[in-house]
Amino acid sequence: MINTIRTILFLGFLVALGFTACSNQKFKKLTYEPVSYGKINVVVRKLETSYAKLPEKPAIYAIINTNVGDLVLELYHEAAPKTVQNFIDLAQGEKEFRTEKGTEKRPFYDGLKFHRVIKDFMAQGGCPRGDGTGGPGYQFEDEINGKALGLGAVKVKEAPQYQTQLQRLIFTEFNIQTKQDLDAKGAEVEEAYVQALELPVLEVLHRVGYRFNEVLPSKPPVRGSLAMANAGPNTNGSQFFINQVDTPHLTGIHTVFGQLVSGWDVLDRIIEKGNLQTTIKHISIIDKRI
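Each residue of the sequence shown is one higher than the one before, counting from 1497 in our numbering.
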């Protein structure tokens, strides 16, 4: 058992590098607290006409027009209003963003490509550099209600998809920087690992930096979900992805702010064509709430 635990922990060693120690807690006391959250009313500032058939449901829709067809998505203005507002404003050219040339204000997504596509996973776009490192020059917080997603009711030992976050937590708590550190603190770390397996997923994610509210009706990442790509907690900008399949391992880690309602064949074509082969011509925003 001891050797198995050390092996599992060391496999996560590279992931955990770069994090500083918080404490030598033994993982028995829960530290999770929700953040305060104030909802906003999403505003569509430019009236655009729809050339695509939209559902009858009153909602805000985004039509992503690409060189291989159209993706029609419902935007979850109730579940992630700040994220939706950011997406709308960037798409319509209503929000300033920063580039190497300076500050600009124009339709941000026009001309960008789906730079990262993975079969049986997702298609990712919204990077002005085309390599996954670009954004609008600012970052904003996640909008996720972890309890609404059930993360408070599931222990991490029952959810192996969160093993990376658990490893990160333990290396952080014990300031493990090298294999020698792990060997020196082996017994203590092993005891903590066994205890940490009993923690709720919500607690583990909270301890590694994710912050959750208890206000929004958050949605899980399923097939067709539109979600924010990020580099960790609260690092949202302009990049987004659309799921080709359910991705339960991303629950609580990425803000879901929309859902594909038509254009499934287009999504499949985008992914089949590969990285940087599909261009976003324009994203139209249609407000059908009234």
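Backbone N, C-alpha and C fix where the C-beta goes; we use that ideal spot for every residue, glycine too. Bear in mind the structure is a predicted one, so any value in this text is a computation, not a measurement.
Classified as exposed, T1545 has fewer than 16 neighbouring CB atoms from the shown chains inside 10 Å of its CB. In this chain, V1540 is not harboured by any alpha helix (DSSP H), its DSSP state being neither H nor E. The secondary-structure analysis by DSSP pairs Q1755 across a beta bridge with E1570 and S1721.
Per the Cβ contact rule, the stretch 1736-1756 is not in contact with the stretch 1593-1603 (fewer than 3 Cβ pairs under 8 Å). The DSSP assignment places 1593-1595 and 1598-1600 as complete runs of the beta strand (DSSP E) inside the stretch 1577-1605, in order along the chain (cut-off: 3 residues). For T1629, the closest C-alpha among the options N1732, Q1740 and I1776 is that of N1732. Annotated three-state conformation of T1562 is strand, per DSSP. Straight-line spacing of the CA atoms in L1695 and Y1658 works out to 12 Å.
With contacts defined by Cβ atoms closer than 8 Å, V1700 and L1645 do not form a contacting pair. Look at F1736 here: in three-state DSSP terms it is strand. In the same chain as K1777, and ignoring 5 residues on each side of it, the C-beta atoms closer than 8 Å to its own belong to N1561, T1562, N1563, D1606 and G1607, in chain order. The beta carbon of D1783 is closer than 6 Å to those of V1540 and I1556 in its chain, skipping five residues each way along the sequence. In chain order, N1730, T1731, N1732 and G1733 place their CB closer than 8 Å to the CB of Q1635, counting only its own chain and leaving out the 5 sequence neighbours on each side. The beta carbons of I1767 and Q1735 sit no closer together than 8 Å.
Linking Q1773 to Q1620 through their CA atoms gives a straight-line distance of about 12 Å. Under DSSP, the beta-bridge partners assigned to I1556 are L1571 and D1783. Following the DSSP letters along the chain, one finds I1614 inside the beta strand (DSSP E) bounded by residues R1612 to I1614.
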